[in-house]
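Each remark here refers to the structure printed beneath this line.
Residue numbers (our numbering): 5 to 188.
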């Protein structure tokens, strides 16, 4: 299995079909929390739903359209991070992620995003990295700001999350901005 060790505590693991039960259990244990910010947790009702998700993620990777990894922290799978979309024509990627509630506040997502941003610019030759989050999702917005991303705008009525419709704030980081941040 492909594993990208980011530091002593944190690794990204390429999704494998045998991870379906583990990811289902993690999602199931965090369903209420994740459903605040993501539309899909209520749809993931059994491990087979994750098997389909993993198969789709592998196909997206094979076609060069995405990369989805499990986040392993201190030897335990705690979430998922991905290039949800890779746009080779415009040289940009969109990052998405989720993390189990219990692991919030440990810098896990910030460090994982830093690794994907570095990879996008250094290894993939991308010119732009994007992240979108619900406007009231303060933890995700704080991650974007810690990463030095700039707010590009807000899409009103962007997504239905259960019974509510939320706006999204869009953040981006351009290659030249990232280079300046690295130098400072």
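Glycine included, each C-beta is placed from N, C-alpha and C at the ideal position.
Which residue comes first and which comes last in the beta strand (DSSP E) that contains residue i?
i	result
residue 18	14–18
List the endpoints of the continuous alpha helix (DSSP H) containing residue i.
i	result
residue 181	179–187
residue 131	No alpha helix (DSSP H) holds residue 131; DSSP gives it neither H nor E.
residue 165	Here residue 165 belongs to no alpha helix (DSSP H); instead the beta strand (DSSP E) covers 154–165.
residue 33	24–33
For residue i, which option in the options has the closest C-alpha, if you only look at C-alpha atoms?
i	options	result
residue 166	37, 28 and 60	37
residue 181	158, 172, 159 and 153	153
residue 15	140, 21, 74 and 39	74
residue 96	184, 8, 175 and 185	175
residue 137	104, 109, 83 and 156	156
residue 56	21, 119, 185 and 158	21
residue 162	43, 129 and 76	43
residue 114	148, 107, 141 and 142	148
residue 178	134, 102 and 8	134
residue 84	68, 94 and 45	45
residue 99	93, 109 and 116	116
residue 2	94, 91, 92 and 112	The structure shown does not extend to residue 2, since the chain is modelled only from 5 through 188, so no value can be given for it.
residue 58	119, 151, 23 and 110	23
residue 35	106, 94 and 128	106
residue 139	30, 49 and 171	171
residue 159	150, 146, 17 and 173	173
Let me check one thing: in DSSP terms, what residues is residue i bridge-paired to?
i	result
residue 138	172
residue 7	17
Entirely enclosed alpha helix (DSSP H) segments - the segment 40–123, minimum 4 residues
51–66
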